[in-house]
Structures are given as C-alpha cells and as structure tokens.
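Here the structure comes first, spelled out in structure tokens, and everything after it is commentary.
Residue numbers (my numbering), protein chains in the order written: chain A, 1 to 721; chain B, 1001 to 1088.
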C-alpha cells in the first residue's frame, strides 16, 4: 500500500484585498476590511450595499470570473510546469457578461459562448498550457473546498501527481440581488460572530493551489492538505441545520481523514458568513466537536467578504498564510462577540504557534466541506497507521444497483423500446407525466430540472426497494435554466430590483442535488459537476472518487430544455428541443445479479483527430483486453466537421464492433450521455443490445459497452458485466 | 370577510404555488407556518417580495416577517395600517 501525501507547492490569489499572497498577508496584518459600496453595476433603489470588489481588474474579451481565475492560476504555476489536471470551482461562470447581454437584448449565441461554468476551468487550462482533464465543481458556497477534497482524492487514487485546484466567482446581479432577496445581506458589511451581525457581504475573487503528491514535502512546499471532510445536511435548501450536525460531520471527518484528534488543531478558519443562522449553527458544531479543546477561531469574511465558489480556496490560502507567518487572522467586523455563540473569536492579528488549521466552507443545499491544512513536516502525522483512504485504490468500478432514465420518449422502458424500433426519443417529456404519482406539495417551488432529478430519484428508490442512500452526486451541463431565467427576467423588469427568492435558491447548480439529499436523507458527501457535454462523465468520476465500500450513492445527471436559454447557450440543440437525464444507484459490491459495473475515464484535451486517436489508444492500452460488443459514440460540436475522420478512426480501432451514434436516437442535450449509459447498463445486464431497427441484435455475452464522448475534451465510460 | 383578506388568500396560493390548497378554505386566523399551511422561511421571503411589489410595503427583516405573516389576518392588518400611513 502506498501512502500518498498531498502538498501545496504553489498558490495564486486575487481578492478585494489585491493580488498575490502578499495582499492576503497585508490585509490580515493590518486588520483591514475591503468591503466597499457596490459600484460594479447599478444597485437597487435603496442604494449600494457593501460588496467585496476586485479593483483594477483589466477588462478583456473574457468575462470577469474567467479573468479572476486566470490571474490566480498564472500566479500558482508561475515557476512550475503545467499541472496534469485542473479541478475548478465556480457557481456562476460568465453570468456577469450574460446579464449585460440579456439586458441589452443580445441574441447572438456566439456572444454567450463563455456563459457555462465549465468554460472558466478551460480558459485557465488554456492560459497555463494544461492539456489534461478539467473538472468543474459547483456546490454553491462550498464549491472550492469540495473541489479541493476531490483533487486530494484523485491524487490519492494515484491518477494524478500534480493538480491545480481552486475557485473563482465574480460579482453579478444574480448573486448580489439574490442574497438580498433572501435578506441575508448585512447593510453595514459582514460582521461575523458579532452580537449585532445581520448577514453576509457578497464578494468576488479567485484562488488556485498547485498540489503535488509525494511521500515527503517537495522543496518550497507551503503546506500539506492533511485531511478533507465532506457532508450534507439533507435538511433545507438554504438554511443550515440548526444543530450544525452536517458541519460537525464534515469537521470530524477531516480530522479522522488526517488521523488527528481535536487536540491537534491550532486554529479554525470558520465559514463565518455573518448570517445569524450560519454563525449560530457553526458555533454549535465547533463546540460540540471540540468541547474544552476548542482552538482559537476567526472568520475572515469581514475582510474579504464571501466570494462564493472562491471563498474556500481563498481561505485555504489564508490558512497557509497563518501557518507560514504564525499569525492568527483577525475576525474583522466583529466588535462585540455574540455571547450566545460561546466562541471567543480572535479580534486582532495574534502571533501563535500554528501548525494545523481547519478551514470550513458550507453552502446551499446543506453542502459542507472542511479542509485540514498543516505545516510541512518531515514525517507524516499518521506514520504508524495510515488511514485507509490515504492509500492508492485501484478498483474504481461502481456497481449499478438500479438505473433509470428519461428522454422525450419517456422513462427507460419507453426509451429502450423507442430505440429498438427506431423511433426518435428527441423531445421534451411533458412535466405532468414526469412527476406523475409524486405528491403535489413536494414539487412546490421547484422547476423542471429539479423535478426531473426528483422523479428519477423516486423511481430509483422504488426500484432498489428503498435502499438507504448515503451520497448524492449530480451532473448538469447548464444547471437550473428555468429558475435562472425567471429570476433575472423579473429582476430586470422591476424598477425596484425585486425578484423571486425561491427562484434564486433554485438557480444554484447543486439545487437538484440538495433536493435529492433532503428527500433521500443522504448525509454523506455530495458533489455537483457542471460542464456542458461532459457533466455526466464528470459527476460519475466524482462519484468514483468519493465512493466508500460501506456507502450507497445516488448519481443523477440531467438537463432541461429552456425555450429562451437553450438556443442562446447551447445553439446546436436548438434544432430539435429535447432534454432528459438518467440516474443510478451505485454501490461498491454486487447486491443483485445480473448487474453491470461502470466507470468514467477522462481523456483530457485534444486539438485534432490525431490527438484524440492518441488519447483513445492510450485508454485502450490501459483498459487492457476488455472487449466491447458495442460502441456508443457522441461527437461534440467542435469536432462535427471531422466526424467522418473520427468514425474511420474508430472503425480502424474496433473493426468488428457496431458503432451507435446515440444522440441521433436519444436527442440532443448536454447530459444525453447519462441516458446512453443507462441504456448500456440495461443491455449489459440483459447480455444483448438492440441499438436500432436496422441493426441485428448484438449478443454481448460477457462483453461490455464503451461510451465515447469526443470533442475538445473527451471522456470514456465503460459499462461491463 | 374583507376583500383584502380574500385577495391575499388568492395571492398566497398563487405566489407559493399551493396547488393543493383552495384559497377560500384558508381561515383568516389559520397559522401560515408550522402546523397550519406548513410554509417555511423561503415562503416568508416570497410573500415579502409579493407584498412589496403589489402593495409597496416593505418588510425588511426576518423577525418582522415572521410577526406579520402569522396569519392572513395579521398580514391584512399590517397592510391596512401601513397603506393608511402611506396615503396620509
């Protein structure tokens, strides 16, 4: 067993305090707040509220979030060769630009090409010359801490030695007004832990960390990621569990993951948003877990504000700074600590012997992450008994216990039948049929994407005899477009800048995951992957990384068709409106027979057919002698002109294997690959496939099905008996 | 029953998408939260936005919202009182 340790060997940061690690250090040592009245766009009629704005960011062709991310990434890898992979956290992608375009009535899809969250990580990759896979994580305010945890798991699996991970979000009207609608914004600026605190301050920024896997600290290391903990409240779409149980579990797991105890932590950098509820439940969780061993604590959101997907990464930089300078950052904004919280936040920068820091990040959907960062020491803290999950795991196949899909034709039975008789599944399945049988009250306040996820989840639960679910993972190309569209349209139309709080809550990309977690009482780790046509493959990969032998996973991947947004954002799919998705209940062991296993492999970036050929060849050599009776192929837009070359290539590689171009049968939408995987699972279980009316029945026997999703970024999903 | 109360009941059902509730069956003093209609904190905010957009009356903090939104009656009383103030 090889124990993998993960070290931080480079970092970059840009925040309202400025750019570079020195800006963080200076802000902390001077106890300064960088929250100023909003001037980036027009505020509401009540005037500008405080916001954390990055000044002097050069305007470019790219949206603000992309520019922030690139700035941080370039700093992080300045002295290093490009990483093998990128884990990027982001909640709103190119939203700030999309808002401007929408407000000015733009309708040219080309202008919206940087809208998707996934474009941020890919722009970063381009700027630093990374050719490996780029993963996009979107779990609201915990996004970059979740991305960090995923990156650590990916490195422990032995797959990557060098990974760039972090988060970025720019201010935009959706979040600025959205949090305002939720009455979560403190008009005086965030005062975390203060007796009179009245909310958070929305901010922007980016931070990226270069991670290296090694058995001991590489020269110049800034610290070690010693442990990570993820959990879900499964309680409410926005409010934290009042008892802080989810936060407690995330922190406890981070300690456990590092093989450390409560007495080993020197400082906790709290999530500490400044909202009455967050600070209260987090304080309870800290006191419940640490008791009389509670270390010194502070929140730094009074300095930098809450930069959503960036905040976890920025606070990881703060944690490393506190270890490096032996300084506890001050809880700026708090003058009179709330006695009801029972915590004594550090109010001035204070010198202390800090070796290990716990950094908390919690988000909507009850999504919690806790990261344990430590000073570089020669010997690992857990030399005697390395925790099992620090060692390389080779077997990352997930066993399908149940699967379901929905397309324009209906659920999996109707979809399989339609494919068999050659009827197109393209279309938008009527919502009344989608949610048939579900309690009306349970669907209140949610729109099409969440309804799809809930319908799939409910059917899977029935199919698996209501198997206990521990983890929920979700993949979506575009997120909840209905809620996003409705929130912005109403906001732009109202001179008082009012819009629906429910729509804002529902607009976050992980909202469907939060809904699923609540319904299935899944309190384990939860990740949401959001990268256009690879969202399903990324979510599956994240499920592999987070799989535990004693836990059952519900993986759902879906996209909705939206009349206004789909043609703008995903123009290829305008030609025939369709949507859908699929869900899987996954375990590590076989609970029933026959059963299929599946696994995603990400092939990274390719700029030409030749390069894709290389990637596929490498994949084949690594998949050794697994045989496939059917190849299910999707060729993304970017490659469309070279489709014939691609087909010729695959025919050369797999001369006697049928190739099914599944978009033609299943419809054109981002997560159609999830539906294809569901069909593949059924066929593998049956031992035979019937991919169309013109093809003979394919006897698979003990052969599998290979799904290839090829484009600028490519991925393979294997489904085997 | 005043017209305002009836109007509010219909608005609540529409705004909160309460498909399984007949607005005319909501009692004036029926609790909106907890065991009554079973609404929660996000519903409070949704109603707050509706009241501001439709009646021009702000309810700008959570505590006030929970106080005012105990029932259709309390909400109607609050609107009547503040509309009068607004019109002088």
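Yeah, the Cβ is synthetic: ideal placement off N, Cα and C, and Gly gets one too.
Cut-off 7 Å between Cβ atoms - residues of its own chain near residue i, not counting five sequence neighbours on either side
i: residue 347 of chain A; result: 330, 331, 334
i: residue 324 of chain A; result: 222
i: residue 715 of chain A; result: 534, 537, 600, 601, 602, 603, 709
i: residue 685 of chain A; result: 594, 595, 596
i: residue 458 of chain A; result: 438
i: residue 193 of chain A; result: 272, 279, 299, 331, 334, 337, 338, 341, 343, 345
i: residue 1075 of chain B; result: 1008, 1068, 1069
i: residue 1032 of chain B; result: 1039, 1069, 1070, 1071
i: residue 587 of chain A; result: 399, 401, 552
Chain B contact for residue i (CB, 7 Å cutoff)
i: residue 449 of chain A; result: no
i: residue 183 of chain A; result: yes
i: residue 597 of chain A; result: no
i: residue 191 of chain A; result: no
i: residue 392 of chain A; result: Since pLDDT at residue 392 of chain A reaches only 46, below the 50 mark, its modelled position is unreliable, and the value read off the structure follows with that caveat. Chain B, which has no Cβ nearer than 7 Å to the Cβ of residue 392 of chain A, makes this no.
i: residue 435 of chain A; result: no
i: residue 444 of chain A; result: yes
i: residue 440 of chain A; result: yes
Same chain, Cβ closer than 8 Å to residue i, neighbours up to 5 away in sequence not counted
i: residue 692 of chain A; result: 419, 420, 422, 660, 665
i: residue 495 of chain A; result: 45
i: residue 1009 of chain B; result: 1023, 1024, 1026, 1072
i: residue 507 of chain A; result: 174, 178, 479, 480, 483, 484, 487
i: residue 738 of chain A; result: Chain A is shown from 1 up to 721; residue 738 of chain A falls before or after that span and cannot be answered.
C-beta neighbour in chain A for residue i, strict 7 Å
i: residue 1009 of chain B; result: no
i: residue 1014 of chain B; result: no
i: residue 1046 of chain B; result: yes
i: residue 1042 of chain B; result: yes
i: residue 1062 of chain B; result: yes
i: residue 1068 of chain B; result: no
i: residue 1028 of chain B; result: no
i: residue 1017 of chain B; result: yes
i: residue 1054 of chain B; result: no
i: residue 1072 of chain B; result: no
i: residue 1049 of chain B; result: yes
i: residue 1020 of chain B; result: yes
Cβ neighbours of residue i in the same chain (closer than 6 Å, five flanking residues each side left out)
i: residue 730 of chain A; result: Examination of residue 730 of chain A is not possible in this model, given that chain A is present from 1 through 721 alone.
i: residue 540 of chain A; result: 600
i: residue 110 of chain A; result: none
i: residue 465 of chain A; result: none
i: residue 629 of chain A; result: 698, 700, 703
i: residue 361 of chain A; result: 142, 145, 271, 312, 369
i: residue 196 of chain A; result: none
i: residue 363 of chain A; result: 139, 140, 141, 142
Spell out a yes or no on whether the region 617–626 of chain A and the region 430–443 of chain A are touching, meaning 3 or more CB-CB pairs, one atom from each, closer than 8 Å. no
Chain E contacts made by the region 486–506 of chain A, where a contact means CB separation under 8 Å: Looking for chain E here will not work: the only protein chains present are A and B.
Return the chain-ordered ranges of every alpha helix (DSSP H) run that is complete within the region 272–350 of chain A and spans a minimum of 4 residues. 276–290, 301–304, 311–325
Residues in the region 231–259 of chain A having any Cβ partner in chain B nearer than 8 Å: Taking 8 Å as the Cβ-Cβ cut-off against chain B, the residues of the region 231–259 of chain A that qualify are 236, 237, 238, 239.
Going along the chain, which unbroken runs of the alpha helix (DSSP H) with 4 or more residues stay wholly within the region 578–640 of chain A? 609–622
Output the residue ranges of the beta strand (DSSP E) runs that lie fully inside the region 423–491 of chain A and measure 3 residues or longer, sorted by chain position. 471–475
Three or more beta-carbon pairs under 8 Å between the region 357–377 of chain A and the region 42–57 of chain A, yes or no? no
In chain order, which beta strand (DSSP E) runs of at least 3 residues are fully inside the region 694–720 of chain A? Complete beta strand (DSSP E) runs here, min 3: 704–710, 713–720.
Give a yes or no on contact between the region 132–146 of chain A and the region 522–531 of chain A, applying the rule of three or more CB pairs nearer than 8 Å. yes
Identify every run of the alpha helix (DSSP H) within the region 518–550 of chain A, keeping only runs that are complete inside it and at least 4 residues long; order them along the chain. When DSSP assignments are scanned along the region 518–550 of chain A, the uninterrupted stretches of alpha helix (DSSP H) that are 4 or more residues long and fall wholly within it turn out to be 535–546.
Any 3 or more C-beta pairs closer than 8 Å across the region 158–172 of chain A and the region 142–150 of chain A: yes
Quick one: any contact between the region 244–255 of chain A and the region 287–306 of chain A, if contact means 3 or more CB pairs under 8 Å? yes
The region 11–31 of chain A in contact with the region 225–235 of chain A per 3-pair CB rule at 8 Å: no
Starting from the N-terminal side, write out each stretch of the alpha helix (DSSP H) that is 4 residues or longer and does not extend beyond the region 53–110 of chain A. 64–76, 95–103
Using a Cβ distance threshold of 8 Å, determine whether the region 557–577 of chain A contacts the region 438–458 of chain A, with at least three qualifying pairs required. yes
Any chance you could list the beta strand (DSSP E) runs of at least 3 consecutive residues sitting entirely within the region 233–273 of chain A, in chain order? 267–269
Assess, as a yes-or-no matter, whether the region 99–107 of chain A is touched by the region 152–163 of chain A under the definition of 3 or more beta carbon pairs within less than 8 Å. no
Below 8 Å, can you find three or more Cβ-Cβ pairs linking the region 304–321 of chain A to the region 252–265 of chain A? no
Threshold first: 3 residues or longer. Then list the beta strand (DSSP E) segments lying entirely within the region 150–210 of chain A, N to C. 162–169
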